[in-house]
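Below is one structure, written out as structure tokens, with a few remarks after it.
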Amino acid sequence: MEQAPLARTLAAHRRARRVVWLTPLVLGVLVLLVWEAVTRAGVVSPFFLPAPSAVAARLWTELTAGQLLAYTWITFVEALLGSVLGAAVAFPLGYLIARNRWAAAGLQPYVAASQALPAVALAPLLVIWVGYGLLPIVLLCALLVFFPILLATILGLRTLDLEVVDAARLDGAHGWSMLRHIEVPMSLPSLLTGLRNGFTLSVTGAVVGEFVMGGRGLGMVLSVQANSADTTGLFATLAVLALLAVVMYAALRVVERLAVDDRPTVRTRFGSRRAARPALRSTS
């Protein structure tokens, strides 16, 4: 008798997951169909808004030629390196701000003020300081990635369950063991969320950097297409950029599911251990 409600709950959960996956797909198809119909009917000139079929044909031509994949790879490498560099600075700094009130009071105003500086304004300075090439673009990506990862780190560490932390301290956890077994696992969802948002922004940083500082990736392709008023090519390149950002976001979402959703939480493990202590005392 108890299995029937469980089966209905699981079936409802599966239906809800299908709706979550199908809704954006159906919406996207509808938008493309309306877009195609509007363009073919002559409501908007193809010069300003090319038809999706024309964009798809252009995209296929560029992909089969092979050059677009090479440009995409360069932009991906720039974004990835910038994300890794930004995360390498944001994680320890976020831990310091979250755990030390003097560091928080001293650093937070400057960190917040740094976000008021637009990336386009920083790009010429990076060129003056480090020159042209890969390095300034990576640094620009790191600057864009840094802030969302820093905020997610601070939020994750400041919202830990104090009861679990106290229980871990009673079990002898401190320093590195506390960080490894308690603080990182419990704040992992927040940390991975910051990474997902930061990695997506890194694609924007790579394109902006190539616009301003030169480069050999998709930003350079967009600049050439804009100068030649190649609207169809612009839409095709933008589609590749959007797909690149989606792939990076989805890959980190898979990592998040594997690391967080399918394993017992720290709360569960330490909660069971805390519950077991009174029983052990009573038996002894």
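If you count by full-length UniProt numbering, then the sequence shown holds residues 1 to 284, one letter each, in order.
Even for Gly, the Cβ is constructed at its ideal location relative to N, Cα and C.
Local Cβ density within 10 Å of residue i, reported as buried at 16 or more and exposed below that
{"i": "E163", "result": "exposed"}
{"i": "A65", "result": "exposed"}
{"i": "F199", "result": "buried"}
{"i": "R263", "result": "Its pLDDT being 46, under 50, R263 is placed unreliably by the model, and the measurement read from it follows with that caveat. That one is exposed."}
{"i": "residue 310", "result": "The structure shown does not extend to residue 310, since the chain spans only 1 to 284, so no value can be given for it."}
{"i": "R58", "result": "buried"}
{"i": "G106", "result": "exposed"}
{"i": "P109", "result": "exposed"}
{"i": "L117", "result": "exposed"}
{"i": "A79", "result": "buried"}
{"i": "P136", "result": "buried"}
Cβ neighbours of residue i in the same chain (closer than 6 Å, five flanking residues each side left out)
{"i": "A54", "result": "T232"}
{"i": "P148", "result": "G194, N197 and G198"}
Closest residue to residue i among the options (Cα-Cα distance)
{"i": "Y132", "options": "R216, W60 and A70", "result": "R216"}
{"i": "S114", "options": "V145, V29 and V221", "result": "V145"}
{"i": "E36", "options": "P52, G86 and L252", "result": "P52"}
{"i": "P159", "options": "L25, A56 and S187", "result": "First, the residue type needs correcting, since residue 159 is Thr and not Pro in the sequence shown. Out of L25, A56 and S187, S187 has the C-alpha closest to the C-alpha of T159."}
{"i": "A90", "options": "A167, L238 and I154", "result": "I154"}
{"i": "A56", "options": "R257, A239 and V255", "result": "A239"}
{"i": "P95", "options": "L27, E78, V184 and L80", "result": "It is Tyr, not Pro, that sits at residue 95 in the sequence shown. For Y95, the nearest C-alpha among the options comes from V184."}
{"i": "A152", "options": "L258, L85, I97 and F76", "result": "I97"}
Integer Cβ distance of residue i from residue j, believed to fall under 8 Å
{"i": "L143", "j": "L122", "result": "6 Å"}
{"i": "T72", "j": "L244", "result": "6 Å"}
{"i": "V260", "j": "P189", "result": "5 Å"}
{"i": "V138", "j": "G219", "result": "Wrong, their Cβ atoms sit about 13 Å apart, outside the cutoff."}
{"i": "L170", "j": "E256", "result": "So it is not a contact: roughly 30 Å between Cβ atoms."}
{"i": "G205", "j": "A119", "result": "6 Å"}
Beta-carbon proximity list for residue i, same chain, < 7 Å, skipping 5 on both sides
{"i": "L49", "result": "T39"}
{"i": "L68", "result": "E62 and V240"}
{"i": "L252", "result": "L192, L195, R196 and F199"}
Residue i Cβ short of 6 Å to the ligand FMN heavy atom set
{"i": "P109", "result": "For the structure depicted, the ligand FMN is absent and the ligand set is empty, with no information on it obtainable."}
Beta-carbon proximity list for residue i, same chain, < 8 Å, skipping 5 on both sides
{"i": "R99", "result": "L157"}
Inset, instruction - Please determine if the segment 207 to 225 and the segment 31 to 44 are in contact, where contact requires at least 3 C-beta pairs separated by less than 8 Å. - result: no
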